[in-house]
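Numbering-wise, the sequence shown is residues 134 to 308 according to the working numbering.
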Amino acid sequence: MAESVSVLLTEQEVDKRIQELGEQISKDYEGKQVHLICILKGGSMFLCELAKRITLPVSLDFMSVSSYGKDMTSSGVVKIVKDLDDPIKDKHVIVVEDIVDSGRTLSYLLEMLGKREPASIAICTLLDKPERRVTDVKVDYTGFQIPDEFVVGYGLDYDQRYRNLPYIGIVHLDE
Ligand code: IMP
Ligand code: MG
134 MAESVSVLLT EQEVDKRIQE LGEQISKDYE GKQVHLICIL KGGSMFLCEL
184 AKRITLPVSL DFMSVSSYGK DMTSSGVVKI VKDLDDPIKD KHVIVVEDIV
234 DSGRTLSYLL EMLGKREPAS IAICTLLDKP ERRVTDVKVD YTGFQIPDEF
284 VVGYGLDYDQ RYRNLPYIGI VHLDE
């Protein structure tokens, strides 16, 4: 089965929005240091671009959780593949995600990270598909709300491909 990709959000639109998010976070956390936790691999490009636009002291850490493989729907099972390197106790944590879909991944992560006693914990996602939500997860910073389509680019993949696209595209499967 082949597929094609059409543009949903251009590189310029994404860049502009990340700049705005960086400014907002810098304002909201004024006088503090923020600890950005990137959820690999999808959040990697967003994390880099966002971190560059935050004008406060920033530290970074990375976590990898199980993904869906080639399927386009959530299995509901979240597995930690790589845990954080550093403790988050007393830190102002911002979890940086590529996309919130069912919300299962973040619900699980928030509960787990909350037990490690951070000073605060917030979620920043580049994309949000609110129609697909099955859990009640509060997202603090959202780049774009998008329709219920499978998207790729800017870190997001379809079967590990398209992460390098500099824009957000919709995947169309050609039978
Ligand atoms: P959730 O647990 O259902 O919210 O799933 C979140 C994760 O599923 C994201 O971090 C992505 O890795 C993946 N995902 C969900 N929707 C898409 C999509 O449209 N394109 C690519 N990956 C997606
Ligand atoms: Mg992800």
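Don't be surprised by glycine CBs; every beta carbon is placed ideally from N, CA and C.
Values in this document were obtained by computation on a predicted structure and should not be read as measured data.
Where ARG152 sits in the DSSP three-state scheme: Contrary to the premise, residue 152 reads as Gln rather than Arg in this sequence. GLN152 sits in a helix when the DSSP states are folded into three classes.
How big is the Cα-Cα spacing for THR268 and ASP218? Roughly 28 Å separates the two Cα atoms.
Expected contact under 8 Å - CB spacing of ARG150 and GLY276 to nearest Å: At roughly 5 Å, the Cβ-Cβ gap stays under 8 Å, so ARG150 and GLY276 are in contact.
Could you name the residues that DSSP lists as bridge partners for MET178? The partner list for MET178 (beta bridge, DSSP) is empty, contrary to what the question assumes.
Proximity winner among PRO190, HIS305 and HIS225, relative to TYR84 (alpha-carbon distances): This structure cannot speak to residue 84, because the chain is shown only from 134 to 308.
Just verifying my parser: in three-state terms, what is the DSSP assignment at TYR274? Here TYR274 carries a strand assignment [DSSP, helix/strand/coil].
Under a three-way DSSP split, which group does LYS212 fall into? Per DSSP, reduced to three states, the secondary structure at LYS212 is coil, with no helix or strand assignment.
Between which residues of its own chain and MET178 is the CB-CB distance below 6 Å, once the five residues before and five after are set aside? Around MET178: TYR287 and GLY288.
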